[in-house]
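Q: Questions regarding the structure given below will be posed in turn.
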Amino acid sequence: MHPRNPYNEALDFKLLASKYPPLQAHVNQNGGIDFLDPAAQRALTKAILKTDFDLDVELPDDRLCPPVPNRLNYVLWIEDIVEATRKFTNPSRGVSGLDVGTGASAIYPLLCCRQNPIWKMFATEIDPTSLSRAQRNVSTNGLDGRIHISRATANDTDSSSPSSHIFGPLFADPNLEIDFTMCNPPFYSSAAEIHNSKTEKEDEAFSVCSGSTNEMIYSPPCSSSSSAVASSLPSPYAECEREGGEVAFVARMVEESLVKRGRCGWYTSMLGKMSSVPKIVGLLKAVGITNYAVTQFVQGQTRRWALGWSVGGCWRLPDAISRLSHLPSSHSLAKVQPSRTTLEYSLDKDPKTALHDTLEGAKLADILEVEKVASSTGVVVEFLVKARANTWSRAARRNLKQKAAQAPGDELRGPGEGTLKRKRGVDEGQGGSSAARKKGRVDGDHPTALEQDEYRMICTVFLLAPTRDLGEVASKRWTLRVQWVYGKDEDREMFEGFASHIERKVSQGA
Numbered sequence: 001m002h003p004r005n006p007y008n009e010a011l012d013f014k015l016l017a018s019k020y021p022p023l024q025a026h027v028n029q030n031g032g033i034d035f036l037d038p039a040a041q042r043a044l045t046k047a048i049l050k051t052d053f054d055l056d057v058e059l060p061d062d063r064l065c066p067p068v069p070n071r072l073n074y075v076l077w078i079e080d081i082v083e084a085t086r087k088f089t090n091p092s093r094g095v096s097g098l099d100v101g102t103g104a105s106a107i108y109p110l111l112c113c114r115q116n117p118i119w120k121m122f123a124t125e126i127d128p129t130s131l132s133r134a135q136r137n138v139s140t141n142g143l144d145g146r147i148h149i150s151r152a153t154a155n156d157t158d159s160s161s162p163s164s165h166i167f168g169p170l171f172a173d174p175n176l177e178i179d180f181t182m183c184n185p186p187f188y189s190s191a192a193e194i195h196n197s198k199t200e201k202e203d204e205a206f207s208v209c210s211g212s213t214n215e216m217i218y219s220p221p222c223s224s225s226s227s228a229v230a231s232s233l234p235s236p237y238a239e240c241e242r243e244g245g246e247v248a249f250v251a252r253m254v255e256e257s258l259v260k261r262g263r264c265g266w267y268t269s270m271l272g273k274m275s276s277v278p279k280i281v282g283l284l285k286a287v288g289i290t291n292y293a294v295t296q297f298v299q300g301q302t303r304r305w306a307l308g309w310s311v312g313g314c315w316r317l318p319d320a321i322s323r324l325s326h327l328p329s330s331h332s333l334a335k336v337q338p339s340r341t342t343l344e345y346s347l348d349k350d351p352k353t354a355l356h357d358t359l360e361g362a363k364l365a366d367i368l369e370v371e372k373v374a375s376s377t378g379v380v381v382e383f384l385v386k387a388r389a390n391t392w393s394r395a396a397r398r399n400l401k402q403k404a405a406q407a408p409g410d411e412l413r414g415p416g417e418g419t420l421k422r423k424r425g426v427d428e429g430q431g432g433s434s435a436a437r438k439k440g441r442v443d444g445d446h447p448t449a450l451e452q453d454e455y456r457m458i459c460t461v462f463l464l465a466p467t468r469d470l471g472e473v474a475s476k477r478w479t480l481r482v483q484w485v486y487g488k489d490e491d492r493e494m495f496e497g498f499a500s501h502i503e504r505k506v507s508q509g510a
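Quick look at the structure:
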């Protein structure tokens, strides 16, 4: 369960029913609810949405009834992803997302917009009945100005139509850029698979599913591999497509994300089967995508998984968002997790002075910048480090001095000395103007927007104070945390080398 999910304890159905009278008829004498009763499920969902989110929704009895706590887990994870990058670009700007297959409830757009006042949502729906109900739910809650739902069509009807694409709005509007996509795809490839799944879980059934065929089943049309992109993809794509169900559906997402690339910050999807995770991760790696995230949602007896990936993007997510770090090495998902971006080191003594001196020693004007930022709860000190090149290793500093000696017109500046013209495409005459430096900004006028295109590496350095355990302070309780924020795949070694350098110097000086 997401740590911010308020439903981490069992719901008091009697209390909830007292606030939402229509639920009272479904609460038994013991204060429980029959989750095998579809009407009770719908009443519970309506009660939670109305009581906790002030949302009035209509839920048809022949469409999926979304369990709110489970859906909220996904929304909270999306919020984490957005916040992890937005705080380094433009914290005050609006956020937009796309919900693929929003369903009759439009649960994701409604929760996203109710939770986040500056968010706007696009959504698609292929089923006319669900589309109509979803639009009605949006209007009922006065969110027409922030949620736009469009009709999707099967991709075997007219593959040239934007609506035939999973990410239809991105194909329909060439100027549209969004922060994320989300989706609860059809889990199964056929009615037979649904039947087999029910048979296997017959003794464990604790709820009933009222989903329609298009909500539950996805069988890719024969023509879906005919696109130029699909035909050029490696064999794992064809294997995923043949499997059908959620694996094939998300594989199509991967295909389309390779077309739209950076038009979306993070493409994401929920998965209903753990076995699907390695298959999609294998596809991502096969097409060269290494910046991805894996997570798990646990709500009661229900487990779901989610994947996110960035195409060509250099913004990195913290391990807490992108990895299941608690898994043992023997777990089947341990081998498919992304590489770490959060490196932590334990220190015996108070290292504040040593950390400050180490970062000051690595600073080199116009090459490596260090900025102290406001610390959050539990953080003693926090620095934002932006590097255009390696300035901390002996070889790097020796090389810079040699270059300065060979070019007397350029002045090397260490702390308090001269200047050094910018490297990596921002030298004079190569994009050094203020206009060019604003290129990477979402809003060039925003004072906190990072000019990320100028940097090879951006990271944060945190120092966390010791925490008390049973009234005693344990040894090695200071924590030095170095978080990779921005950088290309080929610059991972640069980040890891910087973190190792900081830890070594701080340990020697602490």
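Numbering of the sequence shown is given in full-length UniProt numbering, commencing with residue 1 and proceeding in unit increments. Every residue gets a Cβ at the ideal spot worked out from N, C-alpha and C, and that includes glycine. Computed from a predicted model, the values in this text were never measured in an experiment.
#1: Mind pulling the beta strand (DSSP E) runs of 3 or more residues that sit fully within the region 279-348?
#2: Measure the C-alpha to C-alpha separation of T358 and F167 and round it to an integer number of angstroms.
#3: By a C-beta neighbour count over all protein chains shown, 10 Å radius and 16 as the cutoff for buried, is N8 buried or exposed?
#4: How close, in whole Å, do the beta carbons of A251 and Y237 come, if the pair is a contact with beta carbons under 8 Å?
#5: Enumerate in chain order the residues of its own chain whose CB-to-CB distance from F122 is below 6 Å, with the five nearest sequence positions on each side excluded.
#6: Taking the C-alpha atoms as reference points, what is the distance between E503 and F180?
#7: Where does the unbroken alpha helix (DSSP H) through S507 begin, and where does it stop?
#8: Please return the same chain residues whose Cβ sits closer than 6 Å to the Cβ of Q508, not counting the five positions on each side in sequence.
#9: Candidates L400, T290 and K386: which alpha carbon is nearest L307's?
#10: Rounded to the nearest angstrom, what separates R86 and N28 at their Cα positions?
#11: In terms of residue numbering, what span does the alpha helix (DSSP H) encompassing F13 cover?
#12: Just how far apart, CA to CA, sit A10 and G300?
#13: Threshold first: 3 residues or longer. Then list the beta strand (DSSP E) segments lying entirely within the region 106-160, N to C.
#14: Just the C-alpha distance for Y455 and G487, rounded to the nearest angstrom, thanks.
#15: Which of the three DSSP states, helix, strand or coil, is assigned to M253?
#16: Let's see if you can read the secondary structure: which residues bound the beta strand (DSSP E) around T181?
#17: Please confirm whether G142 and K120 have their CB atoms less than 8 Å apart.
#18: Taking the alpha-carbon of E79 as reference, which of R388, P67 and C112 has the nearest alpha-carbon?
#19: Determine the DSSP secondary structure at R4, reduced to helix, strand or coil.
#20: Expressed to the nearest angstrom, what Euclidean distance is found between the alpha-carbon atoms of V506 and L355?
#21: Look up K372 in the DSSP assignment and say whether it is helix, strand or coil.
#22: Suppose you measure from the CA of A398 to the CA of L464; what does that come to, to the nearest Å?
#23: By how many angstroms is the C-alpha of N390 removed from the C-alpha of L110?
#24: Which same chain residues, not among the five before or five after A247, have their C-beta less than 6 Å away from its C-beta?
#25: From L480 to A334, what distance separates their C-alpha atoms?
#26: How many whole angstroms separate the CB atoms of P338 and V380, which I take to be in contact at a CB cut-off of 8 Å?
#27: If you follow the alpha helix (DSSP H) that Y74 is part of, which residue opens it and which one closes it?
#28: So what does DSSP say about I62, is it helix, strand or coil?
#29: Within 10 angstroms of the Cβ of R388, are there 16 or more other Cβ atoms? Answer buried if so, exposed if not.
#30: Taking the C-alpha atoms as reference points, what is the distance between S332 and F297?
#31: Between R71, F88 and S500, which lies nearest to I107 when the distance is taken from Cα to Cα?
#32: Taking the alpha carbon of residue 511 as the point to measure from, which residue in S257, H501 and T460 has its own alpha carbon closest?
#33: Secondary structure at D350, three-state DSSP: helix, strand or coil?
#34: Output the boundary residues of the beta strand (DSSP E) element that contains Q483.
#35: Measure the C-alpha to C-alpha separation of G312 and V254 and round it to an integer number of angstroms.
#36: So for I33, helix, strand or coil by DSSP?
A: Quick look at the numbers:
#1: 292-299, 302-309 and 342-347
#2: 47 Å
#3: exposed
#4: 6 Å
#5: L98, H148 and P169
#6: 35 Å
#7: R492 to G509
#8: none
#9: T290
#10: 46 Å
#11: F13 to K19
#12: 9 Å
#13: 119-125 and 147-151
#14: 8 Å
#15: helix
#16: I178 to C183
#17: no
#18: C112
#19: coil
#20: 5 Å
#21: strand
#22: Looking at the sequence itself, residue 398 is Arg, so the reference to Ala does not match. Distance between the alpha carbons of R398 and L464 is about 33 Å.
#23: 46 Å
#24: According to the sequence displayed, residue 247 carries Val and not Ala. Contacts found: C240, S276 and K279.
#25: 25 Å
#26: About 28 Å separates the two Cβ atoms, so there is no contact after all.
#27: V68 to T89
#28: Looking at the sequence provided, one finds Asp at residue 62 rather than Ile. In the structure shown, D62 sits in coil (DSSP, three-state: anything other than H, G, I, E or B).
#29: buried
#30: 16 Å
#31: R71
#32: This structure does not reach residue 511, given that the chain is present from 1 up to 510, and the question cannot be answered.
#33: coil
#34: W478 to Y486
#35: 13 Å
#36: strand
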